[in-house]
Structures are given as C-alpha cells and as structure tokens.
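S.K.: Starting off with a structure, shown below.
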Amino acid sequence: MRFLLLLFLTHSFLFALQTSDKLFECTEIFKERKSELLVELERIDEQKQSLNALKTATEELLKKKKAKLDLQEEQVNAKLQEISDKEASVKKMLAENKKILAELKSTKMNKIAQTFSKMKAGAAANVLSNMKVDEAAAILQSLKPKVVGKILTKMDPQKASQLTQLLAQ
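Residue numbers (mature numbering (1 follows the signal peptide of the UniProt record, and there is no 0)): -16 to -1, 1 to 153.
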C-alpha cells in the first residue's frame, strides 16, 4: 500500500509539475499578449489624440471660413441694399422727368395752339397741310372745335378727311 501511495504521490507530483509547466507557459503567453495589447492601446491612444487634434483644427478652420462667409454675405447685402436704393432713386427721378416732360409738351402744345388760333384759317390750313398727319392732328386736338372747323374747311378735302379720322380716334 505504501507502494501505491508512493506511486500515487509520484504521479501526482509529475502531474503537478506538468500542470505548473503549462501554467508557467500560459502565464508567459498572457504576459506577451498583455504587452502586445498595451502597445496596441498606446497606438490607439495616439491615434485618438491625433484625431482630436485634427477635429479641433478642422473646427477652427470651419469657424474662420464661416466668419469670412458671414462678412462677405454682409457686404453683398449692403451692396444689394445700395443698389435697391439707387434703383428706387432712379425710378423716382424717371417719374419726375416724365412728369416734367409731359408739362413741357403741354406747355408747348398750348403755345402752338395759341399761335394757330390767332392765325387766319387759310394760313393755318396751309401750314398744317405741309406737316406730317400725326403732328397736324396733335395740333388740331389742342385747338377749340370752332377753330378746327374753320381750318379744315380751308384744307384739301383728302388731307382734311385724314386729319378728321385721326381726331376721331
């Protein structure tokens, strides 16, 4: 029985030795893997820091570009407002000029009408006969109907007919 006990102890000892060798090998493998993982972790940490630095730089660049874009947008809006103001001013001046032009034409036609109303009907008929039809019609429109009738009777019937048609429109 001692023999069996001795054999059992020896076998247990050998088994424990094998197990301890295997444990030693596992421990070594774990240590190597741990060091590999630490190196990998350092590399990942460096990449993370690089990424954060890149992110910060990109955000700063975007802020600068946005500020520049905002400034340009303000300048464009200011120019647009300036152009709109000038356009409104030009439209106002154009309206005033049209009004003044209409007043000048009216004054001119009044003077022409006064001149033709003071002329004898025959002389006025001769002058109007030698003018363009639309100009002559414009002058006749500014005269009193009684004067127009006297002038048309002294004109060539064909010319008088044309002018009457224009006056009727």
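Quick reminder that beta carbons are idealized off the backbone N, C-alpha and C, glycines included.
Values in this document were obtained by computation on a predicted structure and should not be read as measured data.
Between Ser126 and Glu58, what straight-line distance do the alpha-carbon atoms span, to the nearest angstrom?
M.R.: For Ser126 and Glu58, the distance between alpha carbons rounds to 56 Å.
S.K.: Could you check the C-alpha separation between residue 156 and Gly133 for me, to the nearest Å?
M.R.: With the chain running from -16 to 153 in the structure shown, residue 156 is simply not present.
S.K.: Do the stretch 102 to 115 and the stretch 138 to 147 make contact, defined as three or more Cβ pairs closer than 8 Å?
M.R.: Contact between the stretch 102 to 115 and the stretch 138 to 147 is present, because at least three Cβ pairs lie under 8 Å.
S.K.: Assign Ala51 to one of two classes, buried (16 or more other C-beta atoms within 10 Å of its C-beta) or exposed (fewer than that).
M.R.: Burial call: exposed.
S.K.: May I have a chain-ordered list of the beta strand (DSSP E) segments no shorter than 3 residues that lie completely inside the stretch 25 to 109?
M.R.: Whole beta strand (DSSP E) segments, 3+ residues: zero.
S.K.: Quick one: using the 10 Å Cβ neighbour count with 16 as the cut-off for buried, is Ala79 buried or exposed?
M.R.: Result: exposed.
S.K.: What residue does the alpha helix (DSSP H) around residue 224 start on, and which one ends it?
M.R.: The structure shown does not extend to residue 224, since the chain is modelled only from -16 to 153, so the question has no answer here.
S.K.: Under 8 Å between the Cβ atoms of Ile135 and Ala109?
M.R.: The answer is yes: Cβ separation under 8 Å.
S.K.: CA-CA distance, Leu25 and Glu16?
M.R.: Going from the Cα of Leu25 to the Cα of Glu16 covers about 14 Å.
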